[in-house]
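Below: the structure, in structure tokens.
Here it is as structure tokens:
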């Protein structure tokens, strides 16, 4: 039996967070928390760093790229998975350069988010784009 991977969900849309929560819990992940902004995500990580942060790029306040930079600078053992509506290789490249471990578009199959969250290819993989 695999150890439980803790995940923080970061998206400004509650319906997206809830859908991700249900999907990932059914796959056996533990949802450590939810945040609707980059500021709240960072504060949540300070309290109890998760193993994985799933973050949207387009959020009010501190955007996704800056959130990725801040989390990865402080929590080097926390993987960051971008989950976004943007299907643009340039945006994916910027996210990966900011420290994201993987990039998944919201048009991807649900299993893609589960697979990337599981990070079966190791957490230090930095070229996983779905």
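In my numbering, the protein residues as written are 194 to 323. Glycine included, C-beta positions come from ideal geometry on N, C-alpha and C.
Per DSSP, which residues does residue i bridge with? Please list them.
| i | result |
| --- | --- |
| residue 277 | 298 |
Helix, strand or coil for residue i, going by three-state DSSP, please let me know.
| i | result |
| --- | --- |
| residue 223 | strand |
| residue 201 | strand |
| residue 228 | strand |
| residue 291 | helix |
| residue 251 | coil |
How long is the line joining the alpha carbons of residue i and residue j, rounded to whole angstroms?
| i | j | result |
| --- | --- | --- |
| residue 235 | residue 299 | 23 Å |
| residue 258 | residue 229 | 15 Å |
| residue 311 | residue 198 | 7 Å |
| residue 231 | residue 306 | 20 Å |
| residue 295 | residue 289 | 7 Å |
Measure the Cβ-Cβ separation of residue i and residue j and say whether it is below 7 Å.
| i | j | result |
| --- | --- | --- |
| residue 160 | residue 261 | This structure cannot settle anything about residue 160, because the visible part of the chain is limited to 194 through 323. |
| residue 249 | residue 271 | no |
With burial defined as no fewer than 16 other Cβ atoms inside 10 Å of the residue's Cβ, what is the status of residue i: buried or exposed?
| i | result |
| --- | --- |
| residue 315 | Legend: pLDDT at residue 315 = 46, less than 50; position of this residue unreliable, no value from coordinates given. |
Just checking residue i against the ligand ADP - is the residue's beta carbon closer than 6 Å to any of the ligand's heavy atoms?
| i | result |
| --- | --- |
| residue 220 | Absence of the ligand ADP from the depicted structure is noted, as is the absence of any ligand whatsoever, leaving it without description. |
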